[in-house]
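See below for the structure under consideration.
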Amino acid sequence: MSEDKLIRLNKYIASQGVCSRREADKLIETGQVKVNGKIAGLGDRISTNDEVVVNGKNISNNDIDNIYIAFNKPKGIVCTSSKKEGKNIIDYINYPERIFPVGRLDKDSEGLILLTNDGSIVNKMMRSSQNKEKEYLVKVDKKINPEFKEKMESGVYILNQVTKPAKFVQVNENEFKLTITQGLNRQIRRMCESLGYNVIELKRLRIMNIDLGNLKTGEWRYIKKKELKQLLSLL
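Per this note's numbering, the very first residue in the sequence shown carries number 2; after that it's consecutive.
As structure tokens, then:
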């Protein structure tokens with residue numbers, strides 16, 4: 002393989018959902034990574050045909066079919082692959098092959114989250130800043146007034162910035178749907194709190210073109226080929 006098609010080892014490890022690039026560097030430094038049976042070094046570059054082993058586990062995805070799952074996460078489940086978290090999403094789903102969540106959904110929130118073994122789609126979603134819509138159903142602790150609706154739509158000052166314009170659809174006196182294109186930490190909860198409201202329930206209904214639909218809480222389904230094709234085109 003030509004030099005320009007090689008990938009840095011730490012980037013490859015991160016793309017496989019093992020850990021961050023910085024953490025990958027630490028694994029490489031401490032001799033816990035092997036490439037084709039030899040201990041790897043910092044700055045090494047590999048091809049897609051190389052065998053990469055981290056802590057004795059082969060993370061290469063040669064000849065492995067990509068898996069794409071839509072999951073309706075219950076409250077209380079944490080979107081992490083870490084076994085240190087007792088209620089982690091991976092143990093809950095108990096899928097027979099290695100997968101990892103794409104992005105996060107608060108422990109106290111429920112609804113749609115995507116999981117995959119395809120690191121490339123994770124990188125694309127994290128880099129994409131345009132058209133990455135996410136729709137939520139939100140219930141607050143008191144009656145919604147016109148000022149609340151206007152500010153949720155136009156932007157709310159949180160985390161030292163004003164949020165991007167959002168689409169607001171009122172469902173009843175204290176429930177609404179909100180479509181945002183950002184992913185700030187606990188964004189919707191912070192927006193509501195800034196305006197004097199507390200979120201009672203928060204459920205993600207859609208990520209870009211992938212809908213929760215009739216998927217019951219705690220259940221998952223495979224993402225259809227047509228959905229995946231459209232998702233990749235949006236990215």
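Note that beta-carbon positions come from the ideal geometry of N, C-alpha and C, so glycine has one too.
Helix, strand or coil for Q171, going by three-state DSSP, please let me know. strand
For this session: Count the other CB atoms, across all protein chains shown, that sit within 10 Å of the CB of E52; report buried if there are 16 or more and exposed otherwise.
Result: exposed
Beta-carbon separation of A167 and I145 under 7 Å? For A167 and I145, no; Cβs fall outside 7 Å.
Exercise. Have a look at the DSSP bridge pairing and note the partners of Q33.
Key: According to DSSP, which records beta bridges pairwise, Q33 is partnered with nothing at all.
Next on the checklist: So M153 and L179 are supposed to be a Cβ contact under 8 Å. How far apart are they, rounded?
Outcome noted: 6 Å
Task: Whole-angstrom C-beta distance between S110 and Y158, which should lie under 8 Å - done: Contact doesn't hold; Cβ gap of about 22 Å is too wide.
Exercise for review: Just tell me which of K226, G32, E220 and E151 has its CA closest to the CA of C193.
Suggested key: Taking only the C-alpha atoms, the option nearest C193 is E151.
*Among N67, G38, I114 and R46, which has the Cα closest to the Cα of N56?*
G38
Exercise for the section: Please name the residue in L115, T31, E148 and L43 whose C-alpha comes closest to that of K225. Expected result: Ranking the options by Cα distance to K225, first place goes to L115.
Assign I91 to buried or exposed, taking buried as 16 or more other Cβ atoms, counted over all protein chains shown, within 10 Å of its Cβ. Residue burial annotation: I91 is buried, with at least 16 other C-beta atoms found within 10 angstroms of its C-beta.
Just how far apart, CA to CA, sit L203 and Y137? 7 Å
ask   = Ends of the alpha helix (DSSP H) at Y13?
value = L10 to S16
>> Quick check on P75: does DSSP put it in helix, strand or coil?
In response: coil
* Out of curiosity, what's the CA-to-CA distance linking L213 and Y13? -> 30 Å
Next on the checklist: From the DSSP secondary-structure annotation, give me the bridge partner or partners of R285.
Outcome noted: Absent from the model: residue 285. The displayed extent of the chain is 2 to 236, so no value can be given.
- Go to L229, then tell me how far its beta strand (DSSP E) extends in each direction, as first and last residue. Note, L229: premise wrong, no beta strand (DSSP E); alpha helix (DSSP H) at K226 to L235.
Distance between I94 and T218 (C-alpha atoms, nearest Å): CA-CA distance, T218 to I94, rounds to 12 Å.
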